[in-house]
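Colleague: Under the UniProt record's numbering, think of the first position of the sequence shown as 1, with each following residue one higher.
We put the beta carbon where it would ideally sit given N, CA and C, even for glycine.
Take this structure first; my questions come after.
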Amino acid sequence: MNITTEGCTIDYDSETVTVSFKGSLRLSGMEEYQPIVDLLNNVVQEDKPVITLDLKGLEFLNSSGISMLSKFVINVRKKGSMVICVKGSKAIAWQDKSLKNLQRLMPTLTLEFE
C-alpha cells in the first residue's frame with residue numbers, strides 16, 4: 001500500500017507491519033490527512049501484535065501531522081493488545097521532542113533512534 005502527497009511518500013509493508021514515511025508532510029488540516037489515517041486504521045484492523053512506524057526519513061511534520069499521529073497512538077492504546085515501535089532519527093530536529101511525547105501518550109510505545 002502506498003500514499004504519495006506533495007513532498008512525501010508513505011509505504012506500508014504488510015510482511016513486516018511497517019509504515020514508512022519519507023519526505024516532508026505539510027498537509028492542511030485533518031481532512032487532508034484522512035487517507036493516511038485510513039491507512040493506519042487498516043493496519044490496526046489486521047490485529048498484529050506490533051506495528052512499526054518508520055519515521056527516519058520524515059524530515060518535516062507539521063502540527064496537523066503530529067496531531068494525526070497522536071490520535072493514532074491513543075486509538076492503539078485504547079485497543080490494548082498492540083505495541084507500536086517508532087523509529088526516528090536524532091539528525092532530524094523535530095523528532096526527538098515530538099516522538100517522546102508519543103511515548104507519554106502510550107508508555108508501552110517503543111522509541112528507537114538512529
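Please list, in chain order, all residues of the same chain as residue 33 whose beta carbon is under 8 Å from its beta carbon, the five residues on each side excluded.
Modeller: Cβ within range, chain order: 27, 64, 65 and 68.
Colleague: Output the distance between the C-alpha atoms of residue 95 and residue 45, rounded to the nearest integer angstrom.
Modeller: Cα to Cα, residue 95 sits roughly 27 Å from residue 45.
Colleague: Is residue 76 helix, strand or coil by DSSP?
Modeller: Note: residue 76 maps to helix in three-state DSSP.
Colleague: For residue 39 versus residue 1, is the C-beta distance shorter than 9 Å?
Modeller: Cβ distance < 9 Å, so residue 39 and residue 1 count as in contact.
Colleague: Within the continuous beta strand (DSSP E) that includes residue 58, where are the two ends?
Modeller: Element bounds for residue 58: 50-61.
Colleague: What residue from 23, 15, 20 and 72 has the CA that sits closest to residue 48's CA?
Modeller: Residue 48 has its Cα closest to that of 15, out of 23, 15, 20 and 72.
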